[in-house]
Structure formats: C-alpha cells, structure tokens
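Student: Attaching a single structure in structure tokens format; questions to follow.
There are 2 protein chains.
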Amino acid sequence: MRRFVVLGHRATTSPEFSLDDLSGATGRLDILLRCINSSFFLSHSIRKDVEIHLILQGPPSPTKTIRFVGSELKYLNPDERSTAALIRSSLSQRAEGEKKTSPGIYMSSRKYSDVISLLAKDSQIYYLKEQGHDVRRLPSFEQDITFVLGDDRDLTPEEEQVLFEYDPIEVSLGPESLHADHCITIVHNELDRRLEKN
Amino acid sequence: MRRFVVLGHRATTSPEFSLDDLSGATGRLDILLRCINSSFFLSHSIRKDVEIHLILQGPPSPTKTIRFVGSELKYLNPDERSTAALIRSSLSQRAEGEKKTSPGIYMSSRKYSDVISLLAKDSQIYYLKEQGHDVRRLPSFEQDITFVLGDDRDLTPEEEQVLFEYDPIEVSLGPESLHADHCITIVHNELDRRLEKN
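Respectively, the protein sequence lines represent chains A and B. According to my numbering, the first sequence holds residues 110 to 307 in order. According to my numbering, the second sequence holds residues 110 to 307 in order.
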C-alpha cells in the first residue's frame, strides 16, 4: 500500500466554504484537492493500492483528518470542485472516532502525531524534503510505505520532530521545488517503474 | 524552451460555459486546465521557459488555439476555476491572426497542423505515447523541444499522420497510462534533472 500524508497547515475545518473560491478562503484547501487527484487517478481507472490522509489544521475546529481509500472510492472525479464538495460533505458530519462519510472517505479528529504513529506501525515512513536522498537512487522500497509532505508550507520544526521519532527516510525528487500534487505524481512514477522491474 | 501541445479533441470553443461545471459540458476542458497548472507551476514561482498550446477542437467554432507563454504570464493561479476564467475571457474575444487576450495568453484560429508545422521549424518534436522510448533512456534533449499529447483521448490516426511528417521522437514515461497533466509533470522532472547535470 502506498500512503500519502499531506499537512494542510491552515486548511479549513469548517464546511462553510464556497466551491467558487477554493484557493481563497479555504486555507489553501485547493492544494489538498489536487493531491487527491494525483494520488488516485490513472488514465482510465483509480489506483486501488493508495490511501491519502489530509490533515486539516486550520480554523475553526482543528484537527480534522480526512482519509481517502483507493480500493473503496466510488464518487471521485478528477476536477477540484467535485472533490471539494466531497470534503465539504465530510466536514459537515459529526464524527466520533473515525466515520465513513462516503464510500472510501473517512473523517476523524485524529491529530497529525496520531496519524503518523498509526501508520508507522505498518509502514516505512518517507519524508519528502528537498535536501533528502534522490528517490531514484534509493536501493529499494518496502511494500507498505508512507510519504509525508507539507502543503505550500514546509513542516514546522515541531512537526518534523514528530516524524523523526519514526526514523523516516528523507527523499528528494529533483532539483526544483515542486507543488505537493506534482510531488505525488513523481513518487508514483518512480514506484510504478520499480514495480514493473520486479 | 519547453513547449507542450495538448489536443482538446472536443474541448469547447465557446465562452458560454459555466465555471461551476468544468468537467461536464466543456468537452473536458478541465483536463487542459490541469495541463496549464503542471506546465507552469513551481513551488513559489512560474516556469519562464515554458509555453503550452491548447488546441480546442470542440463545437461550436473549431479550431481555437490558446497559447500560454511562461515568461509573460501575470494573472495565472494554480486552481482550475480561475484558469478557466482566463480561457473563457480569451474565447469571448475575436481574433484576426493571433491576439493577446491577457498578459502571456494568446488566441488564434490556428489548426493543429499549423501549430505543429510552426513549432517544428524551431524545435524537435516529441510524441508522448505509451509505446515510445523510455524518457529516462533518451541520450539527450535539445534546447528547444515540443511535446505533443492528447487529452483523455489518444491522437487520431489523422493527427498522428500530421505529426509523423516531422519525424517525432516517440517517448513513454513509465508503465502506467497517465492523465495528460501528470505526464507534463514527469517530463518536467526528467528535463530538470538533465539540466542540473549539465
């Protein structure tokens, strides 16, 4: 399973946002929407072996974590607006523990540190960071892997500290500093190529 | 200069579309919008050495070609909706020859074959195709290159014939069949890495 964890440092935790202004008053929720697209979409299908955890840390009621599970998703389309509507619908529901809000979409109040702690039990953690090891030069990848990345802001020193408790492998993707969704596309391409060789 | 040519086989050529339904009644204009995003956006800047030509071939008045020029762009944001508004504004204007409709955005009635013929004068043509040569194994890239790709549909045999007149190099990006915008992201990553080595 390939997992992505994206930190939405100021992404809204209220469903009261307009679908007409997704890059404005949502705390850059638009970045997370594009990460969903690049996590799941193949040309004519959805990647089943993928999960993404969006950690929404903005006002008014942080943290909300929304988890998308590729093998269960039914109503996902590639455009930003319809994906935003799915998130809005999730945020409008009350969750005790983790609640399914739509096929393949789950919401909880899990904090970033809880999400990482849970995922680190089953998977090697990779930290996407410009100063990391070149992804193409890593000798191999485990079957179960989790990639952690920020939205348009890097992880804070505190967020990095949480990650460092789990011995993450720091990975870079190339010489340029890229948008989060573009990073996910490149990670997939590298892993697809490795799988093909095996 | 890196150039991308994306064929919007049924992409609308009318400005009369709703920004609220970009993946519905626009002939999959949403795919082209995401190609604009992946062509230009770096984390905190816009790629200046890039141009994209969107060939809109849908009703009611095909063909319209919209060209975005990285070094001149001013009002481009990463979200789909605001980019769609730029396209809509272009389509609402009448063009004789090629007309600047906004900084860095040009519209014309150039047909696909005219666009390719123009670009082939100055640049090597690459055709993104699943059966092509692996992009990572190509020995080198010229300074001026043009990548041609379809939207969610492959090039028709007639469109391929046009391309084949210019001895394109057929390039594949990996084992999976990918969305057009994801292809552009992977091409950029490969070229960024080559540039870094030089």
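The beta-carbon is built from N, C-alpha and C at its ideal position, and this holds for glycine as well. Keep in mind the model is a prediction, meaning the values are calculated, not measured.
Let me confirm a value: Pro212 (chain A) is counted as buried when at least 16 other C-beta atoms fall within 10 Å, else exposed. Which label applies?
Tutor: Result: exposed.
Student: I'd like to confirm the pairing. Which residues does DSSP put opposite Arg112 (chain A) in its beta bridges?
Tutor: Answer is A:Glu160, A:Thr255.
Student: For the beta strand (DSSP E) containing Phe177 (chain A), name the first residue and the last one.
Tutor: Element bounds for Phe177 (chain A): 173 to 178.
Student: From this set, A:Asp158, A:Phe273, A:Ile164, which residue's C-alpha is nearest Arg122 (chain A)'s C-alpha?
Tutor: Correcting the residue type first, residue 122 (chain A) is Thr in the shown sequence and not Arg. Comparing Cα-Cα distances from Thr122 (chain A) to each of A:Asp158, A:Phe273, A:Ile164, the minimum goes to A:Ile164.
Student: May I have the straight-line CA-CA distance separating Lys306 (chain A) from Gly283 (chain B), to the nearest angstrom?
Tutor: Each residue's Cα considered, the two are about 11 Å apart.
Student: List, in order along the chain, the chain A residues whose C-beta lies closer than 7 Å to that of Phe150 (chain B)?
Tutor: Per Cβ cutoff of 7 Å: His288.
Student: Mind listing the chain B neighbours of Glu285 (chain A)? Cutoff is C-beta to C-beta under 7 Å, in chain order.
Tutor: Leu151, Asp301, listed in chain order.
Student: Does DSSP classify Tyr377 (chain A) as helix, strand or coil?
Tutor: No statement about residue 377 (chain A) is possible, as the shown extent of chain A runs from 110 to 307 and does not include it.
Student: Ends of the alpha helix (DSSP H) at Leu195 (chain B)?
Tutor: Its alpha helix (DSSP H) spans residues 189 to 200.
Student: Give me, in chain order, the residues of the same chain whose beta-carbon lies closer than 8 Å to that of Gly117 (chain B); leave out the 5 immediate sequence neighbours on both sides.
Tutor: Closer than 8 Å at the Cβ level, and outside the excluded window around Gly117 (chain B), lie Gly136, Arg137, Leu138, Ile140, Leu141, Leu163, Ile164, Leu165, Gln166, Gly167, Asp260.
Student: Hey, does Asn298 (chain A) have any beta-carbon neighbour from chain B nearer than 7 Å?
Tutor: Output row for Asn298 (chain A): interface = yes.
Student: Closest to Thr174 (chain B) by C-alpha separation, out of B:Glu189, B:Asp231, B:Gln233, B:Phe113, would be which residue?
Tutor: Minimum Cα distance to Thr174 (chain B) is reached at B:Phe113.
Student: Tell me the rounded alpha-carbon separation between Leu300 (chain B) and Asp231 (chain A).
Tutor: Each residue's Cα considered, the two are about 35 Å apart.
Student: Could you name the residues of chain A that Glu305 (chain B) contacts, counting a contact when the two beta carbons are closer than 7 Å?
Tutor: Pro284, listed in chain order.
Student: What do you get for Ser180 (chain A), buried or exposed, if any count of 16 or more other CB atoms within 10 angstroms of its CB means buried?
Tutor: When all chains shown are included, Ser180 (chain A) counts as exposed.
Student: So the alpha helix (DSSP H) Asp231 (chain B) belongs to, where does it begin and stop?
Tutor: From DSSP, the alpha helix (DSSP H) with Asp231 (chain B) extends over 221 to 231.
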